[in-house]
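Residue numbers (the working numbering), protein chains in the order written: chain P, 1 to 391; chain H, 392 to 443.
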């Protein structure tokens, strides 16, 4: 059958196949990018702001995100809790949603940004076989979250430079770090989108006189800076006390890593250097991100079980203890919550007059025993006025 | 400057997609050539539609 003979029909069929390919392949990506996750703001949330309130250049961009404010009955210190800096490390996001839905601040103020890099939360990594979504079981059904990427979407920040030159230190970083919101601190109001995001957060910290800034992350089990609190000089005493306390009282390890002064652009370095706040970056192990694993499935993301990592653990190639029980999401979320609460408690002990007292947030053992989903509230049964998207 | 480069990039995408579609319309002999034209268009169209 020659093409000339049936040219019109052949081209019509091919165009229909092309359209079907575009729709079938593009629709899930489009829906992922524009999806919202409803959460129920808890009794402690007194105000819902936008990050662009602190830097107008962010308004109307994909970098703008929601800031939940929890003000205590009594004045005290102020803390900023951030997650979603890297949206492929979701334990921090789940911990922050537990805080937003359950925490009540007795003293001081909490600012919570659940999706710090909102653009990365709308970005995908299908080339690495990442799932588009993952579900957390709750008492009222499964709660679905979009799985994001480490870097902002090229749809929102483009072009990439050949080399990212950090502002203001002029350190040369990888080109991809221009879209990594943990390399663009302290940022600038008129820079690329990620610099505008970090600049707005710096403005929040400076204008609100934030005392403590905690950035929740996850790191590979084969990466030495994992299962730890990264702290610069000014935060190291509190980090050490928090690390020792959770080890003694709750039985899990989260050692202290110094923030290297020569490595620029990271939250645990620049927040301390460009404001009065004490920064902390919390890393919980996430086997899903390790390179030598099996398929990147939702199962691996949630339970952290992988036979190749188990084999590497036997050869002492990992930086965390690892056995057949893997490293479940509940354990990671619980670690983040306990370490965060302990940092706030230690800071309050050391700084009279700037105490931050938080109630209603479960600790490590409670999350591991009951599961993360136990602490999420059903948006369909909540007052519609209290249901918002976290980003 | 970045904005100008981004606009130029989208114009380039649209130009290449148009060129490929023109080649698709003009192709008379090879069905494989037709497929190739359409496959190469996929990322360009997804970018122009701001999907990926």
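Just so it is clear, CB atoms sit at the ideal spot from N, CA and C, and this is done for glycine as well.
- For residue 146 of chain P, the secondary structure class from DSSP, reduced to helix, strand or coil, is strand.
- Neighbourhood of residue 11 of chain P in chain H, by CB distance below 9 Å: 415, 416, 418, 425, in chain order.
- When only Cα atoms are considered, residue 242 of chain P and residue 200 of chain P end up about 28 Å apart.
- Interface annotation for the stretch 12-25 of chain P against chain H: 14, 15, 17, 18, 21, 22, 25, criterion Cβ-Cβ distance under 9 Å.
- In terms of beta-carbon proximity, residue 402 of chain H stays away from the interface with chain P, with every pair separated by 9 Å or more.
- Secondary-structure assignment with DSSP links residue 141 of chain P through a beta bridge to P:138.
- Cβ-Cβ distances below 7 Å link residue 293 of chain P to 287, 300, 306, 308, 309 in the same chain, with the five nearest sequence neighbours on each side left out; the list follows chain order.
- Straight-line measurement puts the Cα of residue 44 of chain P at about 10 Å from the Cα of residue 109 of chain P.
- One finds 158, 159, 192 in chain P with Cβ atoms closer than 8 Å to the Cβ of residue 393 of chain H, taken in chain order.
- Boundaries of the alpha helix (DSSP H) harbouring residue 207 of chain P: 193-207, taken from the DSSP string.
- Not a single C-beta of chain P is nearer than 9 Å to the C-beta of residue 410 of chain H.
- The Cβ atoms of residue 134 of chain P and residue 144 of chain P lie closer than 9 Å to each other.
- Separation of the CB atoms of residue 325 of chain P and residue 363 of chain P is rounded to 20 Å, and the pair is thereby denied contact status at 8 Å.
- Put simply, the stretch 179-189 of chain P touches the stretch 264-277 of chain P. At least three CB pairs are less than 8 Å apart.
- Residues of chain H with a Cβ closer than 7 Å to the Cβ of residue 155 of chain P are, in chain order, 441.
- For residue 431 of chain H, there are no neighbours in chain P by C-beta distance under 8 Å, as the nearest C-beta there is about 11 Å away.
- For residue 89 of chain P, no alpha helix (DSSP H) encloses it, and the DSSP letter there is neither H nor E.
- If you draw a straight line from the Cα of residue 26 of chain P to the Cα of residue 431 of chain H, it is about 15 Å long.
- Using beta-carbon distances, residue 437 of chain H counts as an interface residue toward chain P, with a partner under 9 Å.
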